[in-house]
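Novice: Structure in structure tokens, see below.
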């Protein structure tokens, strides 16, 4: 050690000698080997763990990106399908409207045909009733004519009596028979 006293000079600067130099070199070599050993046993496993974690995170990011792209593709596909569904629903509704109108027209046509048949049947029944009434009136006329003929033959009367007899017969039969 260097002691500075009044008259002495400094012999060495920092007291460097060969021993100190050899110790320093050995210490540097020991630190280097210690670094290599620690690197092998501590740093390499830590690096491997960090690399594995980095790879795992990258894989998860890639998977997330792929999933996001798939989700976007599915979203576009579903949006396209939804637009197609709207068009399909409109087509179905228009087809239903068209069928409804056709069915309505068919029902109206059937109702008109049924009404025409009912009218025709009513006309036929009215015609039959008219014919029946006509036949009844003819029978009544025949009955009246035969009664009158019998009375004419029995009474052999003049025209005045005949007119009076016709009036009496009409009164007996009633006005309603001739008015119907």
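In this note's numbering, the protein residues as written are 1 to 180. In this text, a Cβ means the ideal position worked out from N, Cα and C, and glycines have one as well. It should be emphasised that the depicted structure is a prediction, and the values quoted were computed from it without experimental measurement.
(1) Is there contact here, the segment 161 to 172 with the segment 134 to 151, by at least three beta-carbon pairs under 8 Å?
(2) In angstroms, rounded to a whole number, what distance separates the CA positions of residue 26 and residue 18?
(3) Does DSSP put residue 167 in a helix, a strand or coil?
(4) Assign residue 129 to buried or exposed, taking buried as 16 or more other Cβ atoms, counted over all protein chains shown, within 10 Å of its Cβ.
(5) Quick one: what's got a C-beta closer than 8 Å to residue 96's C-beta in the same chain, skipping five residues either side?
(6) In chain order, what residues of the same chain have a beta carbon less than 6 Å from the beta carbon of residue 136, not counting five sequence neighbours either side?
(7) By the three-class DSSP mapping on this structure, what secondary structure does residue 158 have?
Specialist: Let me spell this out:
(1) yes
(2) To locate residue 26, count along the chain shown from 1; it is residue 26. To locate residue 18, count along the chain shown from 1; it is residue 18. If I take the Cα positions, the gap works out to 12 Å.
(3) Residue mapping note: residue 167 aligns to position 167 of the chain shown, counting from 1. Three-state DSSP puts residue 167 in a helix.
(4) Position 129 of the chain shown, counted from the first residue, corresponds to residue 129. Exposed is the call here.
(5) By 1-based counting over the chain shown, the position of residue 96 is 96. Taken in chain order, the list of residues that qualify is empty.
(6) Mapped onto the chain shown, residue 136 falls at position 136. No residues qualify anywhere along the chain.
(7) As a first step, residue 158 must be located in the chain shown, where it is residue number 158. The answer is coil: DSSP assigns residue 158 none of H, G, I, E or B.
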